[in-house]
Structures are given as structure tokens and as C-alpha cells.
Amino acid sequence: MNGKLHSETGAFSSDDMRAEILNPFVHKLELDNTYDKIKTAIFTVILLPFRVIVICYLIVTAWFLACIGLYGLSEEDLRRQPMTGWRSKLRFSILSLMRLVVVAAGFHRVKVLGKHHVPSNSRDAPVVVMAPHSTFFDAIAIVCLGAPSVVAKADTARLPFIGQWLVDVAVIAEPYSVPGSWLGDDNGSVALMARSSTDSPPLSLLERGPGYVAAAWGDIALIGVYFSPNRPLTDFENFLQVLARVAGGMVQHRVLVLGDFNAKSIIWGNPTTNARGREVETWSVSSGLSLLNRGTVHTCVRRQGGSIVDLAFASPSLAACVVDWRVELVETLSDHRYVRFDVSTPGSQGTQEGRSHFPRWALSHLDREAAVEAAFVQDWLSPSDGVRDVDATAVQLRVSLTEVCNSSMPRSHRPPPRRAVYWWSEELGDLRAACVAARRAYTRSRRRRLRDLDNEDRLYTAYKEAKSTLTARMGTAQDRARAEMFEGLDIDPFGRPYKAACNKLRPYGPPVAETLEPSLLDGVVQSLFPRRDNFTPPVMSAPRGAAPSAEEVPLVTENEIERAASCLRGKKTAPGPDGVPAKVIAIATSQMEERFRDLFSECLTSERFPKPWKEGQLCLLRKQGRPADSPSAYRPIVLLDEVGKMFERILAARINRHLSTIGPDLADAQFGFRAERSTVDALSRLKNQVKEAMDAGDGLLAVSFDIANAFNSIPHSTILEALRFHGVPLYLQGLLADYLRDRTVLLVDKTGQLRRYGVESGVPQGSVLGPLLWNIGFDWLLRENLPRGTSVICYADDTLLTARGRNFAEAASLASAGGSLVVDRISRLGLTVALQKTEAVFFHGPRQHQPPDAHIHVEGVRIGVQPQMKYLGIVLDSKWHFSAHFSGLSTRLMKTAGALSWLLPNIGRPGDQCRRLYAGILKSMALYGAPIWADSLCRRRNAAAIRRPQRVIAQRVARAYRTVSFAAACVLAGTPPWELEAWVLARVYDWKAAQRALDRHPDPIEREEVREEAREAITGHWAEDLASATFGRRTLDAIGPVLNGWLDRRHGCLSMRLVQVLSGHGCFGSYLHRIGREETPQCHHCEAEVDTAEHTLEVCPSWTEPRRTLVAVVGDDLSLPSVISAMLRSEEAWEAVASFCEDVMSQKESAERVRESDPLAAPHRRRRRELINYTQPVYVWRDDPNSRQNTIKEIIERATSKEDWPQVLIFPEGTCTNRSCLITFKPGGFYPGVPVQPVTIRYPNARDTVTWTWEGPGAN
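All residue numbers for the sequence shown refer to full-length UniProt numbering, where the first residue is 1 and numbers rise by one.
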């Protein structure tokens, strides 16, 4: 036993004894004295790099010797007879090197107990067994036992999926893997999954730990459980205590506990009760949970027998709702059977009722001609004869538009539940039925009083064959369905494969509001839309001469209707409560224009906004990582009627025209929601201020303020006062006052009832006027005077204060004073600043510095000054180097590029257009804010950060090998380097900024000329860079002279084998030799000394016939530049070259695969695990139904053979316990009926304690 036992009195309690008795399979660390600490430091820290180098050298040398020993032997040769002669003598050298590896790893005195009982002839004990089975330490055992033949698995079976049942939620014990859409425990031993459905709530993680995972599913707390049968009873008791704590903490949910407890009791149908069963009985009673299991049907069935170990418990209130609990007698491809039951929940009917409150139509089935005809009919049935009441007229218009929708497209109902297994078919159903029949025949044979063992073996073999056939066909069905899914990328590039690759596939469930308790729902909505009764805004004195006067109200014109309707034609946004899509309104406008114009004009003259348009459908979006019972965990989205938003566009255009022509206009410091302004303009303003400060030797302190719930909190009285300040016409002021008054949001709760909530503050969510009204209401802050040296930059509610000073102290003083003033003015507007989220950064040049622990105080709150700050999506650092920005950007781009690469295999679909589209997605992510950071690309690290992901996506677009250089991949894919595009974007932005400064508005023709010049500049600079590139010269020299023609071509698609010839990276002797796959660069088809792409294309006599066909099309000159020029001249030449490459390269690849499988090939060409193969192992193929019997047969043959086979090493536990415990041995090692040598190996490890420690200071 390792470790030390300390006691002063000698008296132990039971808990003390349990804590002090150490696990003999775990190395526990105790550094009791200085000597141990110094020894640990020397071996674990100082000598560790040298030990790693030595270990690597020794392993490589041993591998090389093993390759020599296996040269010329196939795997069948290794199974047929033992190695003899010089091959067997290499064993001593290899074992000596591997023993040195063990010593270098820190195990200096490995003791093998049991070895001395074996005589010199290993035939006296052909089988050796060792336990426990451990992942890493098994290698040490193999070395110390003289490299016996190991019985090891060669492959794993496929994961069987839950069949075609419509299961809402499932608990999976011992899954092969836990996909990202599942919720798993810490060990991956149990997982929860929910069906993607409109009538099933999503899973929300509550807690997870080793062997359990808890999630909220509606009002049910679902706990999945798995506990291994190999662990001791004390661990099981502790596990049940943790489970009791978890279940007891779910006070707001009904509890459902499901899983594999591996416990037996007569209470749930087993013939006997074991110790675990008694513990589970006690636990369920103390936890107040009711057992759901019914009947005596076994849930786990093996060849030796069956048992009931899969249990279900529920809280009493939920247990009363459980019906039809049963064990399904279908094939699961597992020892365990499916257990199913139904739960009736109070909210299960509400979602269907709630959907009827908000009608929806299937826009994808819109019949445009039918919509035009229906609109004409509705206009004729309800002619415009004047508007008397805007509310009634708006309702009548809604009815007419509803009829247009009913006539032109079907209603959109909740889709039927979708099969969880999309690849399931009738054929698989028949195979599963045959598998079930075979299993039943076998189980019936076992139950007979007079058993026929031979017949049982025959029936069991038939069952295993049926099971294997089902598994293979399932795999084929999955592969076929996956291929069909990828073929659809050319039609729908952003479909399911794209969403799956980008992790955007989410389980679709009912709206979040329909899953919340009514009390929580009320609290969330009231917090998101706070009440602001009788708030008095600051007096915003009107500028001289700006007071509006009464005037004749201008009616809505035909041009205004046309411009507003044109904005709806291409919209695909979700409709409002009436369900009428924007496209239908755009179509109806052409036939019902007079009705729209009369209604809108009456709204202007009466200064009333129709009440139906003030109602919005509220949708709550869940924010990840926040408590579900907190209002901050939800983001509100309000859907408004498109007709009302169409009228809002007319109002917004009039207000903007007034602000720009009469004024006063919005402050120049506001960049959000304004025409011809963007985040780049706001960042450019900040960049100019920083540059001016640095040029003068000053520093600039920037402080970013976060306004809590800004758009939903600004009082209506503040907006109305700001409208008066800006001199908005009186009729618009009156109309907007009514527009803000008596607004409501609607939603359906979990009971199916429609709820209404009044909105008394904030700008309307989802509206067209909302952003404009925010800018008007917030504008007062930007107009007030600030201390000299300070200024404000604003993008919507993102407010940035800048303070310039000669040093940090001066800038901090100004920032504190200015920040307090800004916070005070924001509060006077009726808003609240979240000072705990405020960030600050100090920009300075080489002559300035930031003191340690720098900070400022705003309103008594201490705000630390950080070396960097994220503002408007760009990470800004103190010296404007953007190193942190590119570091984070490169990580995101590489992740996205890797995800998209999964959709872009070198062979097959999608086509070039889809590939370029995905490359454009990555480019748009990379070039965001390029005019701001383009100058920093002169730093090599920044340029490299965006080159890495571009190379990855360019290789996928061009279908090139990963070894193709950056320059060659970009040329083949036709994507200029992003740093060049960033540089050109910066120049174009500077030109636009200069035009705005001159108050010039270039026409579209002039803008297109500037863009064309930019494209020519990119190509010119790119050609210069290609001329100086180091790698990929052959490709660059061929395409460089015709680069413009290559980029502008209108024909020809790249294929993997064509790109192999163009790049020289492929199945060529020179390339394979360069990457270490060939000993020489010679050609295997003509025995030429060097096999290159040029040799294959121009010279190799093996390809004379296909070359003759190629020459007939492209000419006699087959040099790569001439071939590419011919390809660009005609599509026929392109197809001829592509056909030649496809034909020749496919034959070369086939020949290469044959050489790889040749047992006489050089060791580095064979894809084998040489070190483990040198032991002549016995592989267990788990996907082979006969592998178990074949393995036993091979063990018996080796054990009884008179030849000099190595001992057969068996791990009798049958599973890997990784030093946790010792479990019951399986009988496999004793089937041969020969003497068995038991072995125990000790790893004292007295000198290197931390490296291999799992308990103690070195554990983490």
C-alpha cells in the first residue's frame, strides 16, 4: 500500500478510517520534508525537458527497429506463425529501449510479482493475466513482461440511434459520444437529449457532475443518472447523497430521475435484492420520490441472463401524471432495452391554442398572380370613400389583407413532429424486425426446461448476424443521407448543413414565454418594460426662430407610398400580430394604393395613430449563461404589423427631411441609425482624436458607458420634449404623442391565454421610428458643454467619453469630471448608467506611460483603466497596435474556417459558386473595421493572424492539399490576400470621407469608377506580391502573367486532380518523397529519376494515349504556362485538361494505394502501428459478430501450439478501470484450459512523485 498513515492516538472513527485507507492503485503524494521537495523540483521541473527529449528519441529508435523486424510481413503472416531468427532477436533490443523509456518516465524500480513462478519455458504458462486494466500503465506492463501478445480491441461499433419514435426527451446511459446538442455529465457517461419540435420545450442545463446531469424541461427537472457496476458500495452511497441534494434543490420543478443505477431489488421486479438495491430503496424514501417501474420485464438482457437495473423515479405530483410505462421489446443494438412512458403536463395544450391568436401563412407557397387578383377584388369590394375613424379603417384594411393572404397561400400550421432519425427507412425497420425475431427465438430457447446448447449457440449466432447486418445497413443509410444533404448545398448554401457546421442548429421549441411560469413571466416583462409615471425631463430650450407654428398638413403622396412599399418587396422578416407578410403588402399596394393613401393622410390630419398598429407580439429570447429566473436572462423582440411600419417609414422620412433642411439637426457626435454613417465613422473619429493627441505628445483616456435597458427605459416625456426642441412640425408632434400613448405588447403564456402588457416608456421595439426617436431623445446629452479637453462619441446608446491630457493624471482628472457630468445628464434624461460595466483605456505614445493600478472615479465608483477595451466590435489597445484584436479575430476565423471546411471536401459537391460564397462569409468577418486597423497590418504578427484562416478557406475553395502555400492557394481560388483588400478598403473610405468633408455626394457612376480603380489596385499590388513570393513558384509563374484573365474567366471549374497538376502537390514521386512517403522521387510508371507534375503532364510514356487527346485540343506545348493560357482561351481546352488530369491522377492514386498495402513496401509507407504489431497481438474486431469466438479460438491455438509463441496477455476485467478499483474477472483467460500466470506490477516511483500523481498537491 502506498502513502503514509498518520495517527497520534491510534483511535479511528469509521469516517477517519475511510479517509485514511488509501487506494493501492492510486499514487498519493505527500511531501513531508525538504528532501522530498528538492527531489521533486529536480526531477519534475529541472530535468523534465531532457527526459521528454530522451523518451522521444528512445521511442523513435524502437519504432525504427520494429519496422525493420516487420519488413516483408503482412498482418496475416503475424497471425499465422511466431517470428523466428533475426526478427525474434530484435525483441531484446526493442525491449531494452522501451525499458529505458520507462526509467526516463520516472519508474525506476518497477516490480513484477508472480514472474518468478514461471519456469524458463513460457509454454508452461502460455496465458498471463494482469489487473487492473489502465489506459497508460498497460504499456509499462507489456514492456516489463517481455512484450507478450496482447488481446486488444481493434475497432468500436457504431452508436445506435433512438429509432423513429417521436420521443420528446430521452436519457442515454453510456453513450459512445455526447453531441453538442445533448447535455452530458462530467464523465460523458450519461446524457439528455430533447426532440426539436414546436410542441416540446427545450432543455436548460441546471447542474451536472460525475454520473449525473440535471436539466429543466418545462416545469420538470429531469435528472439523468449512470453509475458503473464496477465501483464499490461506498462510492455508490456517496453518489446517492449527491443525487439527493440535487433532487432536493429543485424546489421550483417537479422532479424526474431516470437512468442506469445498476442496482437490483425485488421491489422493481428482480428475483433478489442486493446491497445497492437496499441503498436505492432508502434513498428514494428519504428523497420523497416514487418508483415508476412497472412489471417484471427485464431492462438489461445479456447472454447470461437478464435483470432490471434501469430505474425511473418521480416526485409524487409528477408520478400521478405518468401513464403507459413499458419496456419496448425492439432491437436496440445494446444489452439494454428502451424504456418509454408518457407524461401529461399542464402546459401541453396551451401552445396549440396560443398559435391561433397570431395567424401565419406559408410565404414560400405564395402565388403572386393570385395575390394581385385578390387585392383587386378587395379594393373593389371596399372602395375608398373617405375615412371617418382611423381605428375602424385600419381593422377593415387588416381584414382585406387577410383575405388576400387566404387567397394566395395556405395557412402555416405547426409542422408535424419530425423524426429524430432522418435516415430511417422501411428497409431498416424490416431488418430490425428480423433482428427482434432472432433474439426472441434465442430467448425462448433459453427458457425451455430441456435446453439444447447447440441449438442455443446456433440461434445466438443467427441473432448476432442479424444484429451485425442491421448495424452495417444503418451506417450505409447514414452515409447516404449525409451525401444527399451535402448535395443540396448548391441549391441552399445556408441550409441545415451550414447551420450544423456553424453550430447554429438549435432544438426548435415553443416560444420562451410559453415555457415560463405566469408569475415569472409577469416579472420579466415588467422589468424589461418599466413604468415611468410623471417623469419630468430637462427643459430643452428651443433655438432662436425654431418654434413651430400651425400649418396645413401635407397629405401623403403617391411617391411616398411607392418609396415605402419598395422597402417591403425584398423583406423576409417575421410579420406582426396580423401575420400579413411584407411581400403581400407590397403586392396589395399596387391595387389598393388609394386606400393606403387615404388612411395615412387621415392619420396625419387627425393626429392619431391607429390602435391596432400599436400592438406588438412580444418574443423573448433567452441569453445563455444567466439564471433563468432573472429578467436580465431575456432579450425582448417585438413584432409589429407591416402596414403600421410602412406608415412609420413615411413619418421617419418627413422627420429626417425636417432635421436636415430646417433643423436643428442631430448632433454630429451621434453616428448610430443615421444615413451614410456607420460604426467605422465613429471609430474613425476616435482614431483621429488619438492620432492628434499622440502627435502632440499627449495621452487620451477613453471611457465607455453602458446604459441599462436603454431603448426600453427612455421616458416618453423626454422624447416629446426633444421633438419640441428640434422644431418638428406640430402635426407630427401630435401624431407621435399618440403613437407613443397606450402601446401594448401581446404574448401567449403556457396555459394558452393571451396576455397584454402596457408599455409606458421606451421607444417601440421593432419599429421603424424607434431608432430615430431614440436619437432625438438622447441628442440633448451630446449638445451640452463638457470640460475643455473632453468630448463624447456616440453610436446609438454606446457612449464613449474621451479626455485628453498631457499625462495620465491630467487625463484621468478630466475623465472623472467629464464622466460624472455625462452620468448626471444621462440620469436627467430618465436613464441609468451601469457603472459596474464601465470600461476605460489610456491611449498614449512612447513619451507617455500608464501608472500601475491606474483608475478613475465616476460618481464615487472606482473604474479600472485596462490595457485594452472592446468598442463597437473592435478591440482597442493603448498603443493602437490591434494585437489583441487580431489575436481574438484569428481564433474566431480559424474556428469558422474549420467549420466551413467540413462542408467543402476536395472531392464532390458543393460547386465553386458555393465555395466562393463561404469564402466571402469569412472575408466579411475578417475585414470588419478594416479602414481603422489596415495600417497596423505592417506588423508581421497582425498580417499572419488573418493569413492563416484565409489559407485554410482558400485551400478548400481550390480543392488543394493542405501543403499548398498561401500564395498559390489564393491564386488558385481567385481570392486576393485580405491585407490587400483591407488596404484598398481603407483608401476608398478615406476618399468617401474627403467627399463628405467637401459636402459632395458623388453619383453612382463616379462611385463605380472608384470601385473599379480599387479592384485594379488590388490586382496590381497582388501581382507584385506574387512576383516576390517564395513558395509555390511553379503555380505563380504560370498564372501570374494571366492573373486578370484567371480572375475574370467565365468558364471552368476546379477539381481536386486538376489542382494537383496545377500546384504540383499530389500523387507525384517528388512530392511524396518531400513529405516522407517515398524513399526516392522516382516515377513508378516509367522509372524516371524524378516524378513531378511536369513529368506527368509532358513526358511520362505511361500516359501517351490520354496525352495525345490533350494535345489535339491545346497544342503541342504542354508547359504549364501554355496549358493555362489555352484553358483560359476556350472552355473546350479547360475540359480537355481537366479530363486528362482526372484520368491520369486517378490511376496514379490507385497505384499508390496498392503500394501502400504491399507488405514488402518500406516501413514508412505502411499505415501500421509497428510497435504494438511487433508483439503479434490478438485483435478483437467488435463490428464482427464472430470476432469473440475467433479470438477465443486463436488464443487456444497459440496456448496449445508447440511453436515458440509469446505469452498471451489478457486483462481479465474486460473493461478499463484506470486504477480506480479491482473488479470481477471475466472467464476469457481460462477458456484455453492451460496454466495461467497471474501478475501484479508495482510502481513505487520513489524519485519522481509529481509527474504521475493523481492525489495530492500535484493532482491538478
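Ideal Cβ placement from N, Cα and C applies to all residues, glycine included.
**Asked** Span of the beta strand (DSSP E) holding residue 805?
**Response** Counting from 1 along the sequence shown, the entry for residue 805 is found at position 805. It spans 798-805 - the beta strand (DSSP E) in which residue 805 sits, taken as one unbroken run.
**Asked** residue 366 to residue 408, Cα distance in whole Å?
**Response** The residue labelled residue 366 in the question sits at position 366 within the sequence shown. The residue labelled residue 408 in the question sits at position 408 within the sequence shown. Roughly 6 angstroms between the two C-alpha positions.
**Request:** Output the residue ranges of the beta strand (DSSP E) runs that lie fully inside the stretch 214-270 and measure 3 residues or longer, sorted by chain position.
**Result:** 220-226 and 254-260
**Segment contact, 8 angstroms Cβ cut-off, at least three pairs: the stretch 691-701 with the stretch 513-520** = no
**Asked** For residue 1197, which residues from the same chain have a beta carbon less than 6 angstroms from its beta carbon, with the 5 sequence-adjacent residues on both sides left out?
**Response** Indexing the sequence shown from 1 puts residue 1197 at position 1197. The answer is none, since no qualifying residue turns up.
**Asked** For the alpha helix (DSSP H) that contains residue 1075, what are its first and last residues?
**Response** Position 1075 of the sequence shown, counted from the start, is the residue given in the question as residue 1075. That residue, residue 1075, is in no alpha helix (DSSP H); it is neither H nor E in DSSP.
**Asked** Any idea if residue 617 is buried or exposed, counting beta-carbon neighbours within 10 angstroms, 16 or more meaning buried?
**Response** Counting from one through the sequence shown, the residue named residue 617 turns up at place 617. Residue 617 comes out buried.
**Prompt:** Using the rule of at least 16 other Cβ atoms within 10 Å of the residue's Cβ for burial, across every protein chain shown, is residue 119 buried or exposed?
**Reply:** Here residue 119 refers to the residue found at position 119 of the sequence shown. Legend: pLDDT at residue 119 = 38, less than 50; position of this residue unreliable, value from coordinates given subsequently. Classification of residue 119: exposed, given that the 10 Å Cβ count is below 16.
**Prompt:** What does DSSP give as the partner residues of residue 875 in its beta bridges?
**Reply:** Translated into positions along the sequence shown, residue 875 becomes position 875. For residue 875, which the question treats as bridged, DSSP gives the partners 870.
**Request:** Work out the CA separation of residue 631 and residue 892 for me, nearest whole Å.
**Result:** Counting from 1 along the sequence shown, the entry for residue 892 is found at position 892. Counting from 1 along the sequence shown, the entry for residue 631 is found at position 631. C-alpha separation (whole angstroms): 30 angstroms.
**Message:** Within 8 angstroms, do at least three Cβ pairs link the stretch 565-572 to the stretch 601-610?
**Reply:** no
**Prompt:** Does the Cβ-Cβ distance between residue 776 and residue 722 come in under 7 angstroms?
**Reply:** Walking along the sequence shown from the start, residue 776 turns up at place 776. Walking along the sequence shown from the start, residue 722 turns up at place 722. Closer than 7 angstroms, so yes.
**Closest by C-alpha distance to residue 847, when choosing among 840, 866, 879 and 819** = The sequence position of residue 847 within the sequence shown is 847, counting from 1. Taking only the C-alpha atoms, the option nearest residue 847 is 879.
**Request:** Could you tell me which residues DSSP pairs with residue 325 in its beta bridges?
**Result:** One-based indexing of the sequence shown puts residue 325 at position 325. DSSP lists no partner for residue 325.
**Message:** With the cut-off set at 7 angstroms, would you say residue 702 and residue 781 are in Cβ contact?
**Reply:** Indexing the sequence shown from 1 puts residue 702 at position 702. Indexing the sequence shown from 1 puts residue 781 at position 781. No, the Cβ-Cβ distance between residue 702 and residue 781 is not below 7 angstroms.
**Asked** Hey, how far is the Cα of residue 300 from the Cα of residue 279?
**Response** Stepping through the sequence shown from its first residue, residue 300 is reached at position 300. Stepping through the sequence shown from its first residue, residue 279 is reached at position 279. Cα to Cα, the separation comes out at about 20 angstroms.
**Asked** My guess is that residue 182 and residue 173 are in contact by the Cβ rule of under 8 angstroms, so how many angstroms apart are they, rounded?
**Response** Mapped onto the sequence shown, residue 182 falls at position 182. Mapped onto the sequence shown, residue 173 falls at position 173. With a Cβ gap of about 12 angstroms, residue 182 and residue 173 do not count as contacting.
**Request:** Just mark residue 379 as buried or exposed, buried being the case when its beta carbon has 16 or more other beta carbons within 10 Å.
**Result:** Position 379 of the sequence shown holds residue 379. Residue 379 is buried by the Cβ-count criterion.
**Prompt:** Can you pull the DSSP bridge partners for residue 1348?
**Reply:** This structure cannot settle anything about residue 1348, because the visible part of the chain is limited to 1 through 1260.
**Asked** In the structure shown, what three-state DSSP assignment does residue 57 receive?
**Response** As a working note, residue 57 is residue 57 in the sequence shown. Looking at residue 57 - three-state DSSP - the assignment turns out to be helix.
**Item:** Helix, strand or coil at residue 1005 [DSSP, three-state]
**Value:** On the sequence shown, residue 1005 is found 1005 positions in, with the first residue counted as 1. It is helical.
**Request:** Name the two residues that bound the continuous beta strand (DSSP E) containing residue 744.
**Result:** Numbered from 1 along the sequence shown, position 744 holds the residue referred to as residue 744. Its beta strand (DSSP E) spans residues 743-748.
**Request:** Pick helix, strand or coil for residue 1090, following the three-state DSSP scheme.
**Result:** Mapped onto the sequence shown, residue 1090 falls at position 1090. Looking at residue 1090 - three-state DSSP - the assignment turns out to be coil, as it is neither helix nor strand.
**Asked** If you draw a straight line from the alpha carbon of residue 648 to that of residue 360, how long is it in whole angstroms?
**Response** Taking the sequence shown and counting its residues from 1, one reaches residue 648 at position 648. Taking the sequence shown and counting its residues from 1, one reaches residue 360 at position 360. The straight-line gap from Cα to Cα measures roughly 23 angstroms.
**Request:** Assign residue 86 to buried or exposed, taking buried as 16 or more other Cβ atoms, counted over all protein chains shown, within 10 Å of its Cβ.
**Result:** By 1-based counting over the sequence shown, the position of residue 86 is 86. Per the 10 Å Cβ criterion, exposed.
**Message:** DSSP has residue 576 in a bridge; who is on the other side?
**Reply:** Numbered from 1 along the sequence shown, position 576 holds the residue referred to as residue 576. None; residue 576 has no bridge partner.
**Message:** Using CA atoms only, rank isn't needed, just tell me which of 957, 447 and 432 is closest to residue 464.
**Reply:** Here residue 464 is taken as the residue at index 464 of the sequence shown, counted from 1. Per the Cα distances, 432.
**Item:** Collapsed DSSP secondary structure at residue 341 in the structure displayed
**Value:** Along the sequence shown, one-based indexing puts residue 341 at 341. Here residue 341 sits in strand by DSSP.
**Prompt:** So, is residue 836 buried or exposed, given that buried needs 16 or more other C-beta atoms within 10 angstroms?
**Reply:** Reading the sequence shown from its first residue, position 836 is the one you call residue 836. Residue 836 comes out exposed.
**Prompt:** Less than 7 angstroms separating the beta-carbons of residue 1136 and residue 1118?
**Reply:** By 1-based counting over the sequence shown, the position of residue 1136 is 1136. By 1-based counting over the sequence shown, the position of residue 1118 is 1118. Going by C-beta atoms, residue 1136 is not nearer than 7 angstroms to residue 1118.
**Start-to-end residues for the alpha helix (DSSP H) that takes in residue 629** = The sequence position of residue 629 within the sequence shown is 629, counting from 1. Neither: residue 629 is in no alpha helix (DSSP H) and is coded neither H nor E.
**Prompt:** With contact counted as at least three CB pairs below 8 angstroms, one residue from each stretch, are the stretch 709-725 and the stretch 1025-1032 in contact?
**Reply:** no
**Asked** Straight-line CA distance for residue 819 to residue 762?
**Response** What you label residue 819 is simply residue 819 of the sequence shown in a count that begins at 1. What you label residue 762 is simply residue 762 of the sequence shown in a count that begins at 1. The alpha-carbon atoms of residue 819 and residue 762 are separated by roughly 24 angstroms.
**Asked** Quick one: is residue 913 buried, meaning 16 or more other Cβ sit within 10 Å of its Cβ, or exposed?
**Response** Indexing the sequence shown from 1 puts residue 913 at position 913. It is exposed - the Cβ of residue 913 has fewer than 16 other Cβ atoms within 10 Å.
**Prompt:** CA-CA distance, residue 838 and residue 665?
**Reply:** The count along the sequence shown starts at 1 and reaches residue 838 at position 838. The count along the sequence shown starts at 1 and reaches residue 665 at position 665. Using only the alpha carbons, I get a separation of about 29 angstroms.
**Item:** Candidates 224, 167, 205 and 972: closest to residue 189 by CA position
**Value:** On the sequence shown, residue 189 is found 189 positions in, with the first residue counted as 1. Comparing Cα-Cα distances from residue 189 to each of 224, 167, 205 and 972, the minimum goes to 224.
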